[in-house]
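Written below as structure tokens is the structure these notes are about.
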Amino acid sequence: MPGIVIVGSQWGDEGKGKATDQLGDRVDLCVRYSGGNNAGHTIIVGGEKYVMHLLPSGILNPGVTPILGNGVVIDLDVLYTELDELAARGAEVSHPLISANAHVITEFHRTIDKVTERFLGKAKIGTTGRGVGPAYSDKVNRIGIRIQDLFDESILRRKVEASLEQKNHMLVKVYNRRAIDPDEVTDKLLSFADRLRPHVADTSRVINEALDADKVVLFEGAQAHHLDVDHGTYPYVTSSNPVAAGACVGAGVGPTRIDRVVGIAKAYTTRVGSGPFPTELFDADGDRLREAGGEFGATTGRPRRCGWFDALVVEAATRGNAFTDIFLTKLDCLTGWEQIPVCVGYEVNGTRHDVMPYSQTDFHHATPVYEYLDGWTEDISECRSFEELPAATQRYVNRLQELISCRISGIGVGPGREQSIMLHDLL
Ligand code: GDP
Ligand code: IMO
Ligand code: MG
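Sequential numbering of the sequence shown, starting at 0, is according to numbering that gives the first Met the number 0.
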């Protein structure tokens with residue numbers, strides 16, 4: 000069972016980091032395949048909290064080779080800050096391997112991310128401001144800078160100059176900002192070259208050879224299905240393909256190498272940044288969910304928007320990724336409600352929808368249709384088997400499973416590595 004992908008099934012922050020870390024001691028390679036340090040994956044090991052933005056969460060398991068695939072965009076400042084911080088905390092981590100084809104995020108991408116958001120005003124996406132979108136735009140525009148460019152100074156200098164020529168016009172004339180000096184950017188990038196060199200590899204080949212040798216390769220998704228640039232709630236999305244198929248493109252493996260696709264679903268719903276969210280709660284119930292779940296962004300610290308579980312959202316992700324399993328997280332955070340609403344349909348201008356509508360306009364106008372399930376009051380954080388869960392909790396899980404058309408194989412009952420109930424083995 001060597002190739003397994005972990006994908007967020009909602010709008011991010013479902014607990015992908017914890018699920019990845021939990022599988023970690025049985026994994027040989029842990030690969031990030033999309034996104035950059037817009038992610039924030041929280042892992043709690045022995046009471047110590049770690050937040051990975053760029054590095055794969057499997058890095059905390061000795062014996063795992065962490066890999067940043069070609070589909071990732073890399074801010075080298077962040078890469079080395081994360082590695083140095085882990086070392087300073089005494090964490091024993093293996094050196095990551097980095098694809099020579101991965102693109103880099105530079106200072107000018109961060110600047111452009113922020114000024115374009117400001118320019119959009121009320122229509123802003125609510126990005127993390129990490130320069131991820133502008134770095135992917137350059138990649139698709141074929142003016143991006145790749146990791147391998149750092150090893151050829153003259154090529155690097157030319158590429159940075161070419162990339163900045165048009166941007167500087169825009170920064171100065173449209174955004175009223177000062178121009179960025181291409182030499183400064185180039186010198187900064189070159190300063191990483193020596194440290195970077197031993198990490199750089201043909202990671203597609205490394206991963207394929209590991210799969211040939213029957214090793215376990217875990218592809219750790221960042222962001223989520225509904226933040227995918229093709230399949231998400233465009234334009235309120237990220238600029239990459241977090242979906243399972245993105246693992247093939249972003250790591251350089253064929254689809255037949257993927258054996259399992261695990262969707263991570265929170266027992267309720269959250270979203271950071273702008274965009275439609277039918278079950279969002281704007282009242283005290285929303286505040287209560289946010290408090291119970293500690294729903295504040297791991298990357299930006301922004302309060303997350305909170306709402307009830309939306310079965311249509313997760314069902315669409317089940318279909319689009321062909322999930323073989325769902326890991327349901329944060330069930331413990333729902334303890335204490337008398338009744339728990341679950342969204343089973345939408346009303347849009349008098350029409351009932353049982354699946355997510357394809358039209359952006361319809362989705363923006365969707366009013367949730369709720370089914371009300373019984374809540375429970377017992378603390379479930381110490382439960383380690385399905386049978387130990389209160390009867391109402393079991394009914395909640397079983398109903399969700401029916402609605403999302405995928406078996407629930409794991410349940411999170413707390414943030415700690417051991418705070419899970421496994422119904423089916425994921426590997
Ligand atoms: P990711 O981006 O998908 O990795 O998720 P985040 O780390 O951004 O957010 C998930 C948050 O929920 C983190 O604070 C985790 O420590 C926490 N968490 C994950 N699973 C569980 C769970 O089952 N129960 C509780 N109470 N917290 C969880
Ligand atoms: P993890 O991996 C939640 C959201 C941002 C914004 C939109 C675009 O921790 O689940 P970007 O900076 O990517 O251009 O922002 O996507 N976003 C996330 N929301 N979790 C994430 O990652 C996210 N990464 C990006 O809030 O709405
Ligand atoms: Mg997160």
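For every residue, glycine included, the Cβ atom is placed at its ideal position computed from N, Cα and C.
Quick caveat, the model's predicted, so the values are computed rather than measured.
Query, Result
"Is any heavy atom in the ligand MG found nearer than 7 Å to the beta carbon of Asp20?", "no"
"Along the chain, where does the alpha helix (DSSP H) that runs through Val77 open and close?", "Leu75 to Ala87"
"Among Asn348, Gly374, Gly274 and Arg318, which has the Cα closest to the Cα of Thr366?", "Asn348"
"Just the Cα atoms here: how many angstroms apart are Ile515 and Gly46?", "The question about residue 515 has no answer, for the chain in this structure spans 0 to 426."
"Pop quiz: Val341 and Phe308 are said to be a contact at Cβ under 8 Å. What is the actual Cβ separation, rounded to whole angstroms?", "5 Å"
"According to the neighbour-count rule (16 or more other Cβ atoms, all chains shown, within 10 Å of its Cβ), is Pro65 buried or exposed?", "buried"
"Going by Cα to Cα distance, which pick from Gly262, Gly272, Thr299 and Asp282 is closest to Ser404?", "Gly262"
"Let me know the secondary structure DSSP gives Pro197 once reduced to three states.", "helix"
"Could you tell me if Gln165 is buried or exposed, where buried requires 16 or more neighbouring beta carbons within 10 angstroms of its beta carbon?", "exposed"
"Alpha helix (DSSP H) containing Phe118: first to last residue?", "Glu106 to Leu119"
"Buried or exposed: where does Ser384 fall if 16 or more other Cβ atoms within 10 Å of its Cβ makes it buried?", "exposed"
"Tell me whether Tyr235 counts as near the ligand IMO, meaning its Cβ is closer than 7 Å to at least one heavy atom of that ligand.", "yes"
"Determine the closest residue to Glu13 out of Glu152, Leu422 and Tyr267, with distance taken between C-alpha atoms.", "Tyr267"
"Out of Thr255, Arg204 and Gly143, which has the shortest C-alpha to C-alpha gap to Leu163?", "Gly143"
"Can you give me the C-alpha to C-alpha distance between His168 and Val139, rounded to a whole angstrom?", "20 Å"
"Going along the chain, which residues of its own chain have a beta-carbon closer than 7 Å to the beta-carbon of Ala209, five neighbours each way excluded?", "Asp27, Leu28 and Val216"
"State the DSSP-derived secondary structure class of Arg156, mapped to helix, strand or coil.", "helix"
"Quick one: what does DSSP say Met169 is sitting in, helix, strand or coil?", "helix"
"For Val312, report the span of its alpha helix (DSSP H) as first-last.", "Ala310 to Asn320"
"Given this structure, state the Cα-to-Cα distance separating Pro133 from Tyr32, to the nearest angstrom.", "18 Å"
"So, does the region 113–124 touch the region 85–102, judging by three or more C-beta pairs under 8 Å?", "no"
"Are at least three pairs of beta-carbons, each pair with one atom in the region 229–246 and one in the region 391–410, less than 8 Å apart?", "no"
"Relative to the C-alpha of Ile3, which residue among Asn320, Lys48, Gly130 and Val368 is closest?", "Asn320"
"Please tell me whether, using a cut-off of 7 Å, the distance from the CB of Thr334 to the nearest non-hydrogen atom of the ligand GDP is below it.", "no"
"Thinking C-beta only, is Asp324 closer than 8 Å to His423?", "yes"
"So, for Gln400: in the same chain, excluding its five sequence neighbours on each side, which residues have a beta-carbon less than 6 Å away from its beta-carbon?", "Ile407"
"Where does Tyr135 land, buried or exposed, given buried means 16+ other C-beta within 10 angstroms?", "buried"
"Mapping the DSSP letters down to three states, classify Asp151 as helix, strand or coil.", "coil"
"Check the C-beta distance from Glu314 over to Leu189 and give it rounded, since I have them as a contact under 8 Å.", "So it is not a contact: roughly 49 Å between Cβ atoms."
"With a Cβ-Cβ cutoff of 8 Å, do Asp74 and Asn36 count as a contact?", "yes"
"Who are the near neighbours of Gly7 in its chain, counting only those whose CB is closer than 7 Å to its CB and skipping five residues on each side?", "Glu13, Lys15, Gly220, Gln222, Ala223, His224, Pro241 and Ile263"
"By Cβ distance below 8 Å, which residues in the same chain neighbour Asp20 in space, the five residues on each side in sequence not counted?", "Ile42, Val44, Ser56, Gly57, Leu59, Asn60 and Arg416"
"Which term fits Val131, buried or exposed, when burial requires 16 or more other beta carbons within 10 angstroms of its beta carbon?", "buried"
"If you draw a straight line from the C-alpha of Lys187 to the C-alpha of Cys332, how long is it?", "44 Å"
"Please state whether the Cβ-Cβ distance between Ile97 and Leu53 is less than 8 Å.", "no"
"Which class does Val435 belong to by DSSP, given the choice of helix, strand or coil?", "The shown model of the chain, from 0 to 426, leaves out residue 435, and the question about it has no answer."
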